[in-house]
Structure formats: structure tokens, C-alpha cells
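Undergrad: Okay, handing you the structure first.
Residue numbers (the numbering used here): 5 to 82.
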């Protein structure tokens, strides 16, 4: 399993990657969208059990932990 070393090493080095969010659709925009999506996928695979069939079945605690990781990622970028 990959941990996206190029993305996570940029996070550690605090290199800025700009990811804008479309206010109407909530979708990410910009040249680094694929890296951001890959980072989100890596977080989900790391923190959410593979046996959970639906996002609705993920506990609120796990969702909050994921959200905190995403906020840290975004805040370090801005």
C-alpha cells in the first residue's frame, strides 16, 4: 500500500499546494486536485475499515478525525 510519499512529504515540509473549493458544488478545483483527491483516499484507507460498506456506516468519531486531518492539511497550505 502506498502512503503517497510525495504528498505527505510536502505536508511535512509545509510546501504550499493550492486547492480551491467550488462554493456551489463543493468540489475541489485547481492544478493539484488529483494530489488532493489521492491524499483524501489515502486518509480514508488508513482510517476507515475496508469492511464498512457505506460512508453512512462510518462512526461520527472517525468522520471527525478524518475532518481534523483534512483541516490540518488545508490550513498548512494556506
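Note that beta-carbon positions come from the ideal geometry of N, C-alpha and C, so glycine has one too.
Taking the straight line between their C-alpha atoms, what separation do you get for residue 50 and residue 22?
TA: Rounded to whole angstroms, residue 50 to residue 22 spans 23 angstroms at the Cα level.
Undergrad: Do three or more CB pairs link the segment 31 to 50 to the segment 64 to 78 at distances below 8 angstroms?
TA: Judged by Cβ distances under 8 angstroms, the segment 31 to 50 makes contact with the segment 64 to 78, as three or more pairs qualify.
Undergrad: Who are the Cβ neighbours of residue 38 in its own chain at under 8 angstroms, not counting the five residues just before and after it?
TA: No residues qualify anywhere along the chain.
Undergrad: Just list the residues that DSSP pairs residue 32 with in beta bridges.
TA: Bridge partners of residue 32: 25.
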